[in-house]
Amino acid sequence: MFNNYCRLLDALAKGLLSDGHVTSARILSINVSDGLLTNSVWWNKEVGGMGTPMRIEAEGIAIGSKPDPSYPWLVIWYEDESSFPGLRSPKFSPPPPNIAYRGWWTFPYYSCTQKKWILSYSVAIPPMGRHGIRGFLSIDIDINDLQVNQCNNPNRFEILSYNQHLRQYYPFVRNLKTGEDEQLRQIEAFHGSHKCHVHSMRCGYRPVVTSVISSSASLPPTVNGTGGLAATLGAVNGTVGAGGSVAASVVLAVPNPYQTVINGWTRGAYQCKCKDGFYSVRHRDGFNGSIMEVAYEEYRNNISTFYRDEFVCVRCASGCATCRGPQACLASYNWAFRTTLLTFSVMCAGFTVVLALYMYQHRKVKVFKVASPIFLTITLLGCAFMYLEMAAIFPILDKYSCIATKWTRHMGFCVTYTALLMKTWRVSLTYRVKSAHKVKLTDKQLLQWMVPILLVMFIYLGTWTLSAPPDAEKIEDQHGLIFKQCSYNWWDHSLAIGEVLFLAWGIRVCYNVRNAESLYNEAKLISYAIYNIALVNTTMVAFHLFIFPQAGPDIKYLLGFIRTQLSTSVTIALVFGPKVLRILRGQGDQWDHRARKRGITASFSLNGIGLVPEETADLYQENEELKVRYGLVEKAAANEAK
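Reading the sequence shown from the start, the letters are residues -5 to 636 in the working numbering.
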């Protein structure tokens, strides 16, 4: 009967090993009165899981003796578990509440005999029909393939980083575990227990890779710390387990000729890397997790302050998304220099307003009157717009300053250039007329042709602003320093093509009137201004694209200032300079005598055909000239009569 009972216990314990995760099974019978073992069965799987199970005959479970209390799975119990302090030992995790039939789970521990990390479950079994005897069942569960990932809950990026880490050292390893399988292998309780500074560092899981073995070899997992790479990794990454034991390795089963052996139970198996916007001068590749663990313990125990002072990431300089040192990432702005240029540009814009008021005050003076004051005013308005571009590009650029830049630059150019071109075009049309009849092109007619051109530019800029407003983008200068510049896209390119065609048409019109004569030589001066605008804009585009493609913000601001002055200020000087000088010299109401000798009777006149802003003014001027000529004829006749 007793033999049958023993064989039953053997079969029961051995049967528990059929589960792939169970490595050991024990069944003990203990006399409650004296605590001596009346029967014991202990079965183990071989190391590596190969071969048949083995029965263990250990001194600590000899029949007739008390079981060795040093076994981590052993529980000494009575009916009332709270009466025995061993049940509250730190080697057991607290039992779950509201469970009628309770067992005890140990905390994970390293088994030197099995060379694995295991977890033991123990439960009391009261034998039926035998008074004074209590049964005890204990099994060991293999958790060696689990991984201690102290980083935060892993996501796909961390899983990919882990796989790339393995391939970096062992490029011939294929078909690594997928992300979901890796998450199942990681113990959730350890997530977030890393010692990286959370505000400046990110934790990257780095399992300890011990070796790569051929899957065809029947080799059991080896123990870390035996020399070579394992010893080095063990020393650096802290693979010593509880009680001084060395952590075991894990073989990742992969369907290829090689298997990667990693140590999943390693404290500090991670790398603390600086987040974007932070850097470390001495540890550019990051901080080893095991070192961070030691430094943290020393800092907590007031032994050293390396954790706070040395193992830290420093914030990058202002404006740096990433950096590798304290060097500046942003280009510096010479605000005194920029303010000087801006002040001069604003003064020029103010000067155009003063000049417009001055022209309005002297609008009846012939030098202004015959030159179409309304078009002169429009020209000054466009020049003021172009001057204000310097105010738009003065600050560190953003979306709104870029919008202002596009409007002031292109709208100012369109207004100024169109006003000058309309005046020149009137001369061109008159110059080509071979009829003796007067050609009547009034200012009102020219304005009717000018408004559609300005309206097209206004609609284009408005659509651009509403649909895809220009924004500032980061670029680098020749020193690699970052600053912002307004972006260029197909909106800019399309507008540039249109302006080039417009300039080409203007140059052709100016070429057609190169031999035309006009009062105060205005047609030729306007042609010079149009030539100058085309030349300056083309030259400055070449400077930006080919000569100074990586210029800094101050150089680009200077180039913008030079372009504005050469195009706008020179235009004002050519168109308005001679007129203002004649008024200051008191010659504003005197006709241009050289033009009079050529038979020019009005502002834009060729071959004796007068062209003036209004018909009434044209008739008045012709009558005045006729009176003068009639007086000269009478005077000559009187002299001959004498």
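Cβ atoms here follow ideal geometry from the backbone N, Cα and C, with glycine treated the same way.
Pair within 7 Å by beta-carbon distance, residue i and residue j
i    : j    : result
L560 : Y522 : no
L414 : I556 : no
P320 : I397 : no
A325 : D471 : yes
C504 : I524 : yes
G186 : N138 : no
R332 : Y551 : yes
G406 : M380 : yes
Y264 : R200 : yes
A466 : D548 : no
Y103 : P66  : yes
G262 : G280 : no
C268 : I566 : no
C266 : C342 : no
I119 : G126 : no
A536 : L497 : no
A311 : F300 : no
A7   : V26  : no
M444 : M416 : yes
W111 : W259 : yes
K195 : C307 : It is Met, not Lys, that sits at residue 195 in the sequence shown. Yes, these two residues count as a Cβ contact at 7 Å.
M353 : L375 : no
Residue environment, residue i, which counts as buried when at least 16 other CB atoms sit within 10 Å
i    : result
D134 : buried
H193 : exposed
E634 : exposed
Y72  : In this predicted model, Y72 has a pLDDT of only 39, less than 50, meaning its place in the structure is not dependable; the value taken from the coordinates is given anyway. Exposed, by the Cβ-count rule.
M48  : exposed
I21  : buried
R1   : exposed
E287 : buried
P367 : buried
P61  : buried
V202 : buried
Q108 : buried
DSSP three-state assignment for residue i, whether helix, strand or coil
i    : result
Y104 : strand
I524 : helix
R557 : helix
Q439 : helix
A56  : coil
R200 : coil
S422 : helix
W259 : coil
C268 : strand
G546 : coil
V26  : coil
Y273 : strand
A225 : In this predicted model, A225 has a pLDDT of only 35, less than 50, meaning its place in the structure is not dependable enough to derive any value.
L11  : coil
Q144 : coil
S114 : strand
A315 : coil
K468 : strand
S481 : coil
Top-ranked residue by Cα proximity to residue i, from the options
i    : options                : result
D136 : P63, P547, K39, M195   : K39
G271 : L495, C314, E628, M48  : C314
F477 : T418, Q544, K438       : Q544
A385 : C307, F338, H538       : F338
V564 : F496, A183, T373, L113 : T373
W484 : G546, V35, W458, L140  : W458
I390 : N328, R357, R403       : N328
I50  : G58, H15, K518, D4     : D4
A330 : R623, V117, V530, F388 : F388
V660 : L68, R579, F101        : Here the chain covers residues -5 to 636 and nothing more, so residue 660 does not appear.
K518 : W419, S488, G474       : W419
V574 : A350, G9, W37          : A350
T562 : L578, F542, N526, M534 : N526
T399 : S481, E628, G58        : S481
Contact belief for residue i with residue j at Cβ below 8 Å, rounded distance in angstroms
i    : j    : result
A19  : L30  : Wrong, their Cβ atoms sit about 22 Å apart, outside the cutoff.
N506 : S395 : N506 to S395, Cβ: 40 Å. No contact.
L448 : V409 : 7 Å
T17  : I24  : Not confirmed; about 23 Å, so no contact.
V361 : R576 : 5 Å
H642 : Q141 : Any question about residue 642 goes unanswered here, given that the chain covers just -5 to 636.
R357 : E383 : No, R357 and E383 are not in contact; Cβ-Cβ is about 29 Å, not under 8 Å.
R489 : Y454 : Correcting the residue type first, residue 489 is Leu in the shown sequence and not Arg. Between Y454 and L489 the Cβ distance is about 7 Å, and since that is below 8 Å, they are a contact.
Beta carbon proximity, residue i to chain C, threshold 7 Å
i    : result
Y551 : As a matter of chain content, chain C is missing from the structure shown, which is built from one protein chain.
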